[in-house]
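Going by the numbering used here, 29 is the number at position 24 of the sequence shown; the sequence numbering is gapless. For each residue, glycine too, the CB sits at the ideal point set by N, CA and C. Just so you know, these numbers come straight off a predicted model, no measurement behind them. Here is the structure we will look at.
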Amino acid sequence: MKNYKNILTETEGAISIITIDRPKQLNALNKETIAELHEAFDNFDKDEKVRAIIVTGSGEKAFVAGADIKEFMNFDSVQGRELAAKGQKLLFDFVENLNTPVIAAINGFALGGGLELALASHIRMASDNAKMGLPEVSLGVIPGYGGTQRLAQIIGKGRAMEMILTAGMIDATTALNYGLVTEVVSQAELMDAAKSKAEKLLKNSPKAQSFAIKAVNASYYKNGFETEKDLFGQAFATEDFKEGTTAFVERRRAKFTGK
Ligand code: DAK
6 MKNYKNILTE TEGAISIITI DRPKQLNALN KETIAELHEA FDNFDKDEKV
56 RAIIVTGSGE KAFVAGADIK EFMNFDSVQG RELAAKGQKL LFDFVENLNT
106 PVIAAINGFA LGGGLELALA SHIRMASDNA KMGLPEVSLG VIPGYGGTQR
156 LAQIIGKGRA MEMILTAGMI DATTALNYGL VTEVVSQAEL MDAAKSKAEK
206 LLKNSPKAQS FAIKAVNASY YKNGFETEKD LFGQAFATED FKEGTTAFVE
256 RRRAKFTGK
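Spelled out as C-alpha cells, the structure:
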C-alpha cells in the first residue's frame, strides 16, 4: 500500500477507504491532496478486487472544510480557471464517473470543495454533527468544482440557489430532509454504517453498476436516454448479464466476475 502525504488508504476485503488526513487544516484540499486523491481513486478503481470506495476525513471535526483558501487566495483569473479545470478533471468529474461506487462518509464540516467532493460521490451519508454548505460567495468566488450544477441536480434549484446565495450551512437533519444525504447516524457509528452500506453493493454486478453510474450521470451532460440505450445494449454482451439471468432462472445467488 502506497504511503501518501495528505491521505491515508486502506482496504478491508472488497472495500477501500480513503481518509483525507490534514486535520490541522480541517482537511482542506490543496493541489497536492487533489493529486494524491486522484491517484488513490484511480488505483482502487483499476483494482478488480475493490468493489466500493469510502471517502472520509480525519479527526472529529471535518470531512473537508473546502479548497485550501491559503493556496488559491492569490491566484489571478487565469490561475483560478486552471485550478478549476484541473481539479474538475482530476477529482470531481473523475470521481463522479468512476466505475466503482463511491460513498462519502461526511463526518463533520463539508464546505465548498469538500461538499463538492461529496456531491460528486455516488452515495452520501453523514454523522449527526455534520454541517454542509457552499460558502464560496462569502469569499467572492463561486463554487468552481461543479457545486452550482450538482447541488441543484441533487436537492433542486430553489434550495441550491438559497444555499449558494446565502453561503449558509445546513445541519445533518436538514441535509437528510433535502435528500442531500440518505442516512444520518452518530459520529461513532458513521464508518460502520458506511461499511454496511458498501457491503450491500457487493452482491450486485460490478459491470452493471458501472454502466448504471454512467447512465444516471449521462442525462445531466448529454442525451441520457441514448446513452442508457447504448449501455443497456452493451450489458447484454457481458458475462455478468449471462450469469445474473442464469442464476435467476436457476433460483440461486449470482456469482459475478465483473466481466
Ligand atoms: N483552507 C485552508 N485552511 C483552512 C480552511 C480552508 N478551507 N478551513 C479551515 N482552515 C484552517 C484554519 O485556517 C485554521 O488554521 P490555523 O489558524 O489553526 O492555522 C484551522 O483550519 C482550524 O480552523 P478554525 O480555527 O477556523 O476552526 P473553527 O472551528 O473556528 O471554524 C470552520 C471551523 C469550518 C467554520 C472554519 O474553519 C471555516 O469557515 N473554514 C473555511 C470554510 C470555507 O470558507 N471553506 C472554503 C470554501 S470555498 C476555485 C475553485 C474552487 C474553489 C475556489 C476557487 N477556483 C477555480 C478559483 C473552492 C472554494 C472553496 O472551497
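Taking C-beta atoms under 8 Å as the contact rule, V69 and G145 fail to qualify, at a distance of about 20 Å. In this structure, the ligand DAK has no non-hydrogen atom nearer than 7 Å to the beta-carbon of A180.
Excluding sequence positions up to five before and after L31, its CB lies within less than 7 Å of the CB of K66, A67, A70 and F114, all in the same chain and listed in chain order. DSSP places G71 in no beta strand (DSSP E); its state is neither H nor E. Under the DSSP assignment, F114 falls in the beta strand (DSSP E) whose first and last residues are F114 to L116. Under the 8 Å Cβ criterion, the segment 9 to 24 counts as touching the segment 55 to 64, having at least three qualifying pairs. In this structure, the alpha-carbon of A220 lies about 32 Å from that of M6. The Cβ-Cβ distance between Q192 and N134 falls below 8 Å. Sequence-distant partners of K54 (beyond 5 residues in either direction) whose C-beta falls short of 7 Å from its own C-beta, in its chain, are A19. In this structure, I160 sits away from L139, with a CB-CB distance that is not shorter than 8 Å. Annotated as distal: T38 and I74, with beta-carbon spacing of 8 Å or more. Restricting attention to K91, E101, Y183 and L34, the CA atom closest to the CA of N222 is found in E101. In this structure, F99 keeps its C-beta atom at 8 Å or more from the C-beta atom of L88. The criterion of a C-beta distance shorter than 8 Å is satisfied by L103 and F46. In chain order, L139, E141, V142, I147, P148, G152, T153 and L156 place their CB closer than 8 Å to the CB of I169, counting only its own chain and leaving out the 5 sequence neighbours on each side. With a threshold of 7 Å, the Cβ atom of D98 does not count as near the ligand DAK, since no heavy atom of the ligand is closer than that.
Taking the C-beta atoms as reference points, S126 is found nearer than 8 Å to A109. Pairing F253 with I175, the inter-Cα distance amounts to about 44 Å. Between G249 and S210, the C-beta spacing is below 8 Å. Boundaries cannot be given for E188, as no alpha helix (DSSP H) includes it and DSSP labels it neither H nor E. The nearest non-hydrogen atom of the ligand DAK is 7 Å or more from the C-beta of E37. Here the distance from the Cβ of V146 to the nearest heavy atom of the ligand DAK is below 7 Å. In its chain, beyond the 5 residues on either side, Y225 have a beta carbon closer than 7 Å to the beta carbon of Q158. Between L207 and Q214, the beta carbon gap of about 10 Å keeps them out of contact (Cβ cut-off 8 Å). From the listed residues E17, D52 and A40, the smallest Cα separation to G263 is found for D52. The beta carbon of M130 sits closer than 8 Å to those of I108, A109, A110, I111, V186, T187, E188, V189, V190, L195, A198, A199 and K202, all from its chain and outside the five residues before and after it, given in chain order. Sorting Y183, A177 and R258 by C-alpha distance to the C-alpha of K162 places Y183 at the top.
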